[in-house]
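**Student:** To start, I am sharing the structure in question, which I have written as structure tokens.
In our numbering, the protein residues as written are 5 to 254.
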């Protein structure tokens, strides 16, 4: 009877273990489907951004540029006249609108990324941060981006964009350093600032969608993104992406 009881117990344990394994496999498959869905949604969002940016560029930006070119010849006369003063104010307003439209275009889908590549797009982000916030930003890029898959270029650009946005809004930093290089089949990106820094719990805090978004973008390229306090002061963001990844959206 004791032997029979042991056999029954072993059978129950084996059955329970089998069910646990099946549940774990089902959970892994569900997570995989969720990640695939996230990638599909990200693809749709990028395509929508590209379409909106193209429409704004073709319609609004070009119309404002025509207005600007129309006004410019009437401002050659330096005599202070009422019509000229009015035209000058109108031109300043048009210049301001064009600047805002260009910023909207860059936030939606930067043309420089599609037309000139990742190098030029990162340079633009660095200069934009300097101009908007006065934060000294340096870029050390030794990566050969020619022929870089579009999904990886978009991932690197968006993570850098989100990181610099966080720095300008929250870090209270005066300096940011961006490093991008190739290492044994992987693409490595590091962004470090000298601001107030991030605590270990902030990266998992509810509502930290910017951080979660960066990590998910890297995961969609089969890579990793970590955010941690930097040595000494500030925050350090590390991204590592396999160069042969083909899974993430463009």
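Ideal placement from N, C-alpha and C gives every residue a C-beta, glycine not left out.
If you're wondering where the values come from, they're calculated on a predicted model, not measured in any experiment.
Since I believe residue 190 is in contact with residue 149 (beta carbons under 8 Å), could you give me their beta-carbon distance rounded to a whole number of angstroms?
**Tutor:** So it is not a contact: roughly 15 Å between Cβ atoms.
**Student:** Determine contact between the segment 238-246 and the segment 217-229, defined as no fewer than three beta-carbon pairs at a distance below 8 Å.
**Tutor:** At 8 Å Cβ cutoff, the stretches touch.
**Student:** Count the other CB atoms, across all protein chains shown, that sit within 10 Å of the CB of residue 211; report buried if there are 16 or more and exposed otherwise.
**Tutor:** Confidence at residue 211 is low in this model, with a pLDDT of 46, below 50, so its placement is unreliable and the value that follows should be read with caution. Result: exposed.
**Student:** Would DSSP call residue 246 helix, strand or coil?
**Tutor:** The answer is strand: DSSP assigns residue 246 an E or B state.
**Student:** Hey, which unbroken runs of the alpha helix (DSSP H) at 4 residues or more fall wholly within the segment 53-135?
**Tutor:** Here the runs fully enclosed are 66-75, 86-112 and 115-119.
**Student:** Report buried or exposed for residue 172, applying the criterion of at least 16 other Cβ atoms within 10 angstroms of its Cβ.
**Tutor:** Label assigned to residue 172: buried.
**Student:** Thinking C-beta only, is residue 117 closer than 7 Å to residue 143?
**Tutor:** Contact: no.
**Student:** For residue 203, does the count of other Cβ atoms within 10 angstroms reach 16, so buried, or fall short, so exposed?
**Tutor:** Exposed, because fewer than 16 other Cβ atoms sit within 10 Å of the Cβ of residue 203.
**Student:** Using only the alpha-carbon positions, how far apart do residue 153 and residue 138 sit?
**Tutor:** For residue 153 and residue 138, the distance between alpha carbons rounds to 33 Å.
**Student:** If we count the other Cβ atoms within 10 Å of its Cβ and call it buried at 16 or more, is residue 57 buried or exposed?
**Tutor:** Counting Cβ neighbours within 10 Å, residue 57 comes out buried, since at least 16 surround it.
**Student:** Name the residue from 180, 60, 96 and 196 whose alpha carbon lies nearest to the alpha carbon of residue 235.
**Tutor:** Closest by alpha carbon: 196.
**Student:** According to DSSP, is residue 198 helix, strand or coil?
**Tutor:** Residue state, collapsed to three classes: coil.
**Student:** Hey, out of 92, 169 and 187, whose CA is closest to residue 130's CA?
**Tutor:** Per the Cα distances, 169.
**Student:** Please classify residue 46: is it buried, with 16 or more other beta-carbons within 10 angstroms of its beta-carbon, or exposed?
**Tutor:** Buried, because 16 or more other Cβ atoms sit within 10 Å of the Cβ of residue 46.
**Student:** Any idea which residues DSSP pairs residue 188 with across the strands?
**Tutor:** Bridge partners of residue 188: none, in fact.
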